[in-house]
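In the numbering used here, the protein residues as written are 79 to 372.
Each remark here refers to the structure printed beneath this line.
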Amino acid sequence: MIFAVICILSFMVQNLCCKEYGRRFPDSIAMQSAMIVISTAIIAAIMALFGGARPLEGGEWGVAAAFGFWFVVTLASMTLAMNYGHMGITLLIQNSSLIVPTLYSLIVWREALTAVKGAGILCVLAMLALSAKDGSASADEETQKRWNRRLWVLFTLLAFTGDSLLSILQGSMAMSRTDSVTFTFWTSVFSMGFAAALFAVSNRRSGSVVPFIRQRARAFWLYCAGIGLGTAGGNCFSILALTRLPGTVMYPLRQGALVLIMWALGAVLYREKVNRSGWLMLAFGLVGLVLLSI
79 MIFAVICILS
89 FMVQNLCCKE
99 YGRRFPDSIA
109 MQSAMIVIST
119 AIIAAIMALF
129 GGARPLEGGE
139 WGVAAAFGFW
149 FVVTLASMTL
159 AMNYGHMGIT
169 LLIQNSSLIV
179 PTLYSLIVWR
189 EALTAVKGAG
199 ILCVLAMLAL
209 SAKDGSASAD
219 EETQKRWNRR
229 LWVLFTLLAF
239 TGDSLLSILQ
249 GSMAMSRTDS
259 VTFTFWTSVF
269 SMGFAAALFA
279 VSNRRSGSVV
289 PFIRQRARAF
299 WLYCAGIGLG
309 TAGGNCFSIL
319 ALTRLPGTVM
329 YPLRQGALVL
339 IMWALGAVLY
349 REKVNRSGWL
359 MLAFGLVGLV
369 LLSI
């Protein structure tokens, strides 16, 4: 159980650092890619210490490259979505992307649709329908607030899509002989490469962000380290927890506890308010996550 607790705390640190980075640094492509370069370098270094710097085989290189690309998209989208909207709701919707690999397994791998998974799918769909309603701005809202809501919807959908594809790619790698540490090492290397190329292009076109980073160097390195260490720690301790707990216990515990913790922290630290639709989303989302994980 201690591994599960450390895993949850690690992902909590990752999400808090994403939230703070989004609040304190500009939402430009250059700033997001700079953060991802440093964060993924930390993840790759930690995986290398655990023996992950071993070559992949054949088509695994393509899967790792695709995973690296979508990890960049997902991490940047999650950071920006948390900046523009409710942290707990953003994380809930992103984690509900579990519905996509579940449907993929049913359609492509011909897995049987059980009553439990069917109920989980319906719960997640209800939650997503409520989020669409909750994310739409009313006519009397000021222009900036409407714009922020639209950006939140856009980046949350990107994070949802990216997380869905990452889960499918992870599932395809689970059938190979490559261990998760090696796979994580190479996906981090590819992510770092994609982010570095993106930074080089965007930093030149939109004006250098390096002076801004130097002005806030301590905060920049702190949040990047938190995101990198939180991601690496969460993944490593999740693997260790699965050696002691069955997946039907570990996955609902991890996702459910993390959503509840971030929901509470959002209310306490950022005064994020939740209306009736938000509470219904939380209920449907948590039940759906548990049912899909069983």
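C-beta: ideal position from N, C-alpha, C; glycine also.
None of the values given here were measured: they were computed from a predicted structure.
Your pair residue 371 and residue 330 checks out as a contact, with CB atoms roughly 5 Å apart and the cut at 8 Å. Taking 9 Å as the cut-off, the beta carbon of residue 116 is found no closer than this to the beta carbon of residue 249.
Restricting attention to 209, 342 and 274, the CA atom closest to the CA of residue 358 is found in 209. About 5 Å separates the Cβ atoms of residue 113 and residue 302, confirming a contact at the 8 Å cut-off. DSSP places residue 162 inside the alpha helix (DSSP H), whose first and last residues are 138 to 162. In this structure, residue 184 sits near residue 191, with a CB-CB distance shorter than 9 Å.
Three or more pairs of CB atoms, one per stretch, sit closer than 8 Å, so the stretch 161 to 169 contacts the stretch 229 to 243. In this structure residue 293 is exposed. Its beta-carbon is surrounded by fewer than 16 other beta-carbon atoms within 10 angstroms. The stretch 208 to 281 contains, as complete alpha helix (DSSP H) runs of 4+ residues, the segments 221 to 251 (chain order). Segment contact: the stretch 186 to 200 against the stretch 255 to 266, fewer than three CB-CB distances shorter than 8 Å; contact not assigned. Sixteen is the threshold: since fewer than 16 other Cβ atoms of the shown chains lie within 10 Å of the Cβ of residue 324, the residue is exposed. Ranked by Cα distance from residue 151, the options 163, 138, 133 and 172 are led by 172. Residue state for residue 168 is assigned as helix, using DSSP reduced to three classes. In this structure, 182 is the residue among 269, 182, 280 and 296 with its C-alpha nearest to the C-alpha of residue 242.
Around the beta carbon of residue 135, fewer than 16 other beta carbons lie within 10 angstroms, which makes this residue exposed. Shortest Cα-Cα distance from residue 244 to any of 147, 361, 349 and 118 involves 147.
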